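So the structure is just underneath, and the comments pick up after that.
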Amino acid sequence: MKMNVAIIGGGIEGMAAARYWSELGSSVTIRDKSTDISAPKGVQTVLGADYLKGLNEYDLVVRSPGVNPNDIKTKTTVTTGTNEFFQKCPARIIGVTGTKGKGTTASLIVRILEEAGKRVWLGGNIGRSPLDFLAKVKASDIVVLELSSFQLMDLDASPHIAVCLMVVAEHMDWHSGIREYVAAKGNLFWHQRPTDIAVFNVGNDFSTQIALLSPGRKIPYMSPPGAYVKDGNVMLGEDAICATCDTGLIGRHNLENICAAVTAAHEVGGVETVAIRRAISGFKGLEHRLEFVREIDDVQYYDDSFSTTPETAMAAVASFDGPKVLILGGSDKKSDYRELIKGVAQGDVREVILIGEMAGVLRAELAEAGYTRVRDGGVTMAAIVGAARKAARPGDVVLLSPACASFGLFRNYKDRGDQFKATVLAEV
4 MKMNVAIIGG GIEGMAAARY WSELGSSVTI RDKSTDISAP KGVQTVLGAD
54 YLKGLNEYDL VVRSPGVNPN DIKTKTTVTT GTNEFFQKCP ARIIGVTGTK
104 GKGTTASLIV RILEEAGKRV WLGGNIGRSP LDFLAKVKAS DIVVLELSSF
154 QLMDLDASPH IAVCLMVVAE HMDWHSGIRE YVAAKGNLFW HQRPTDIAVF
204 NVGNDFSTQI ALLSPGRKIP YMSPPGAYVK DGNVMLGEDA ICATCDTGLI
254 GRHNLENICA AVTAAHEVGG VETVAIRRAI SGFKGLEHRL EFVREIDDVQ
304 YYDDSFSTTP ETAMAAVASF DGPKVLILGG SDKKSDYREL IKGVAQGDVR
354 EVILIGEMAG VLRAELAEAG YTRVRDGGVT MAAIVGAARK AARPGDVVLL
404 SPACASFGLF RNYKDRGDQF KATVLAEV
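So the sequence shown is numbered by the numbering used here: it starts at 4 and just counts up by one.
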């Protein structure tokens with residue numbers, strides 16, 4: 004029977020869903036509050052403020068991740084592209100969630116499995132909808148999905164291997180509170196079977212609580228029997244995989260991501276130590292995650308624009324010895340900055356460059372903690388980099404790790420990072 008399907012949201016996942024259901028022979032309409040949406044051929048649109056009205060006339064409503072499910076009011080069945088993929092995928096799935104590190108960990112799992120000779124697919128929140136490759140997936144393949152709380156809120160299935168990284172409060176401007184945010188992450192584990200596997204961060208309370216929802220076998224990382232760090236080595240059981248100094252990623256938090264990836268990949272089976280070693284020594288990380296840009300006048304510049312929480316900014320600062328010039332600020336996500344402020348005030352941060360709408364709030368909190376080495380970064384990336392360059396001394400690190408969302412000055416974290424890199428590379 005030909006279905007009449009409404010796709011709520013016209014972003015990457017919404018467009019993928021529109022293509023998918025169109026190819027199944029359905030009549031598809033994309034509905035989005037933006038009026039600047041270009042739909043695929045044959046797909047209708049309902050755009051503007053009333054995009055959520057009249058949903059009862061459809062046979063199926065498909066929610067995109069950016070649309071809160073609580074905003075969709077209809078008697079029609081509501082699903083998501085993620086749920087559809089879980090229902091139809093013939094292969095084993097590894098799902099990765101957490102507050103930060105999801106993309107790095109998921110990508111590293113893929114790299115390890117490919118080194119081991121597996122055929123692997125990567126999708127989800129990392130920027131590729133798994134619906135785009137569903138038709139090509141074979142039962143012998145492995146699919147790795149990076150999954151955000153937005154994708155997990157109404158997930159009604161769980162993967163064979165579920166991985167939960169560190170979890171701290173984030174997106175409190177979107178979720179009703181920390182309980183809803185953690186519960187969304189928990190859906191990745193809740194529907195597992197006793198034969199499935201739950202990999203979790205043993206040092207993070209929320210991650211541990213989330214893993215306990217699984218009826219499957221629970222394997223911590225950063226502690227045996229999962230991968231862990233000991234005597235300067237990444238270990239798996241009694242085997243030293245490689246020295247921590249030989250890994251391609253910077254920072255303690257990335258050692259955690261490496262151990263999560265090693266643990267999950269090992270549980271697939273048929274993965275030799277040599278394949279793991281090749282993968283983690285050659286993997287240099289993802290764009291805008293502690294990405295080295297350039298050295299100017301003996302000052303190193305790093306793009307960590309993906310850092311949109313205080314916790315990730317703290318981890319970035321802790322990744323470098325010696326003085327740092329920290330570019331901090333942006334738009335508000337209702338985060339708690341107290342620990343970050345304390346770390347800056349007590350740590351080796353030469354100066355803070357403040358940007359965006361949170362600049363005034365952060366300046367006041369830093370002053371209350373006794374830290375006054377701050378300056379205004381301005382409203383353009385040229386001004387921001389110029390301020391950082393004036394503050395830095397030979398041997399310093401200039402670190403764009405804003406701890407805030409990008410809106411106001413930039414379109415998104417990618418735009419912020421891209422502008423930072425372009426500006427630094429253009430400096431003479």
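We put the beta carbon where it would ideally sit given N, CA and C, even for glycine. These numbers come from a predicted model, not from an experiment.
Could you tell me the distance, in whole angstroms, from the CA atom of residue 153 to the CA atom of residue 296?
31 Å
Would you kindly check if the distance between the Cβ of residue 356 and the Cβ of residue 115 is under 9 Å?
no
On the three-state DSSP scale, how would you describe residue 292?
coil
Environment of residue 311 [buried if 16+ CB atoms lie within 10 Å]:
buried
Can you look up residue 105 in the DSSP assignment and give me helix, strand or coil?
helix
Expressed to the nearest angstrom, what Euclidean distance is found between the alpha-carbon atoms of residue 181 and residue 95?
30 Å
Unbroken alpha helix (DSSP H) run spanning residue 208, endpoints
208–214
According to DSSP, which residues form a beta bridge with residue 332?
358
Let's test the definition: count the other Cβ atoms within 10 Å of the Cβ of residue 361 and tell me whether it reaches 16, buried, or not, exposed.
buried
Per DSSP, residue 305 forms a beta bridge with which residues?
295, 402
Short of 7 Å in beta carbon distance, which residues of its chain neighbour residue 207, apart from the five on each side in sequence? Order them along the chain.
169, 170
Pairwise C-alpha distance: residue 185 and residue 213
7 Å
Are the Cβ atoms of residue 289 and residue 317 separated by less than 9 Å?
no
Would you report the Cα separation of residue 112 and residue 365, rounded to the nearest angstrom?
37 Å
Taking just the CA atoms, how far does residue 238 sit from residue 280?
11 Å
Let me check understanding here. Comparing Cα to Cα, which of 272, 28, 397 lies closest to residue 143?
272
Inter-residue Cα distance where the pair is residue 382 and residue 174:
24 Å
Limits of the unbroken beta strand (DSSP E) element including residue 27
Taken as a continuous stretch (DSSP letters only), residue 27 belongs to no beta strand (DSSP E), as it is neither H nor E.
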